[in-house]
Amino acid sequence: MAFITVAAEVNLFINDWGSGKPIVFVHGFPFSHRIFEPSMLALASQGYRAIGLDLRGFGQSTKTWDGCDYDTWASDIYAVIKALDLQDATLVGFSMGGAIAAHYAATLNDPRVTRLVLLGAAAPIAAPTPEDKATISGFIRGILADAAGFAATFIQQAFYQPLSPEQLQFLTSLGTQASLRTLVRSQEELRDRDLVAELTQIQLPTLICHGVHDKVVPLAAGEAQNQLIPDSALLRFEASGHGIFYEEKNRLSQELLNFVG
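Written as structure tokens, this is what we have:
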């Protein structure tokens with residue numbers, strides 16, 4: 113565990129396990145890298161280097177006022193990959209982290225990253241409609257009114273399989289580590305950014321993993337990503353909602369092993 117400085121007075125918390133081909137995990141809203149620990153442990157145990165990072169504003173990373181946007185988050189990830197001198201890396205993004213990872217792959221042209229994995233990715237498949245924007249604006253009001261309560265409700269709705277009280281408490285605790293500013297800006301980015309055209313620009317081999325019962329980012333999003341990203345394959349997870357990283361963690365770890373090779 114360490115911190116990596118990615119900008120002036122901005123440090124990202126990193127968990128770096130194992131050695132071998134590197135796999136970099138990018139979490140989604142409102143979590144931290146710890147949602148990936150089961151897969152990170154499985155991959156590191158199989159001879160891979162599993163690297164989880166907390167995006168700025170989340171987890172144990174620096175909480176900033178500025179820079180809570182896709183461009184800066186992608187730039188921060190680039191700085192981490194460069195600082196660790198990673199080669200032939202696989203970038204894995206979940207939910208909002210999937211949108212950030214897709215943005216990274218489409219815009220940064222980083223030769224260090226050679227594969228992309230999208231897990232229930234909130235990567236845009238169409239320009240946000242007025243109805244979408246109204247829904248997300250409602251989320252923002254909920255966050256401002258009661259961030260912890262919003263996180264708990266959001267997490268419960270995200271899973272297809274029931275969570276134990278202990279699991280819900282753990283995941284909610286991760287969400288409450290994020291700053292209020294970051295939580296709000298995350299939703300504003302989702303509401304206001306139109307990045308649809310970027311998906312067609314992704315040239316990396318891409319694995320799309322999506323829960324059939326996902327109510328947060330419906331399966332139709334994964335199917336559209338599969339159509340838009342030229343070199344992509346879609347795997348449907350029949351026993352998962354949005355929480356694919358927990359609900360089918362063993363299968364997910366195996367599919368990552370198969371894809372990275």
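First residue of the sequence shown: 113, per the working numbering; consecutive thereafter. Virtual Cβ for every residue (Gly too), placed ideally from N, Cα, C.
Practice task
Going by CA-CA distance only, name the one from 208, 209, 189, 207 that's closest to residue 201.
Solution key: 189
Practice task
Determine which residues share a DSSP beta bridge with residue 203 and list them.
Solution key: 136, 228
Exercise for the section: Please name the residue, chosen from 330, 171, 246, 341, that lies closest to residue 353 on a Cα-to-Cα basis. Expected result: 330
Exercise for the section: Find the nearest neighbour of residue 313 within the set 297, 299, 221, 170, judged by alpha-carbon distance. Expected result: 221
Problem - From 129, 275, 116, 293, residue whose alpha carbon lies closest to that of residue 154 - result: 129
Practice task
Report the three-state DSSP secondary structure of residue 126 (helix, strand or coil).
Solution key: strand
Practice task
State the DSSP-derived secondary structure class of residue 263, mapped to helix, strand or coil.
Solution key: helix
Exercise for the section: Tell me whether residue 164 sits in a helix, a strand or coil according to DSSP, three-state version. Expected result: strand
Exercise for the section: Pick helix, strand or coil for residue 365, following the three-state DSSP scheme. Expected result: helix
Handout entry: The beta strand (DSSP E) enclosing residue 282, as first and last residue numbers
Key = That residue, residue 282, is in no beta strand (DSSP E); its alpha helix (DSSP H) goes 277–287.
Practice task
Have a look at 346, 297, 304 and flag the residue whose alpha-carbon is nearest the alpha-carbon of residue 321.
Solution key: 346
Exercise for the section: Taking all protein chains shown into account, decide if residue 292 is buried (16 or more other Cβ within 10 angstroms of its Cβ) or exposed. Expected result: exposed
Practice task
Work out the CA separation of residue 229 and residue 343 for me, nearest whole Å.
Solution key: 12 Å
Handout entry: Nearest-angstrom Cβ-Cβ length linking residue 171 and residue 145, presumed shorter than 8 Å
Key = 6 Å
Practice task
Let me know if residue 177 comes out buried or exposed under the rule of 16 or more other beta-carbons within 10 Å of its beta-carbon.
Solution key: exposed
Exercise for the section: Verify whether the separation of the beta carbon atoms of residue 287 and residue 263 is less than 8 Å. Expected result: yes
Problem - Best match in 147, 306, 251, 214 for proximity to residue 316 [C-alpha to C-alpha] - result: 214
Problem - residue 207 and residue 141 closer than 8 Å at C-beta - result: yes
Practice task
Work out the CA separation of residue 161 and residue 131 for me, nearest whole Å.
Solution key: 4 Å
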